[in-house]
Amino acid sequence: MNSRERVLRTIGYKKVDRVPLYGDFHPIVWKRLKKYYETNNDEVVRDNLGIDFRMVFMDPSLGFKKRAMPSPVDLWDIGEGRD
């Protein structure tokens, strides 16, 4: 069973050969793992460790306009930046 099949079957609550693995490591750990596996390619490390999930990121659309976030203060006036 490959990673894609394993993840899709898990999401569908079906039996799999093993639990799908996710791995995101501290940069120092990545550096050591790359040295251990003698590569600069993250995918080689992930494949060797049997990691099934991948992070996917997307930039905001060109028309995106950043808005000010509401104050992170709750009903009782408690929140970030409060003493």
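Here this note's numbering is used: the first residue of the sequence shown is 5, the next is one more, and so on.
We put the CB at the ideal spot given by N, CA and C, even for glycine.
Quick caveat, the model's predicted, so the values are computed rather than measured.
Under a 10 Å Cβ-count criterion, Val33 is classified as exposed, with fewer than 16 other Cβ atoms of the shown protein chains found around its own Cβ.
Nearest neighbour of Arg22 by Cα position, chosen from Val60, Val48 and Val11, turns out to be Val11. In this chain, the alpha helix (DSSP H) harbouring Pro31 covers Pro31 to Tyr40. For Arg22, the three-state secondary structure derived from DSSP is coil.
Nearest to Pro24 by C-alpha distance, out of Ser7, Tyr17 and Asn52, is Ser7.
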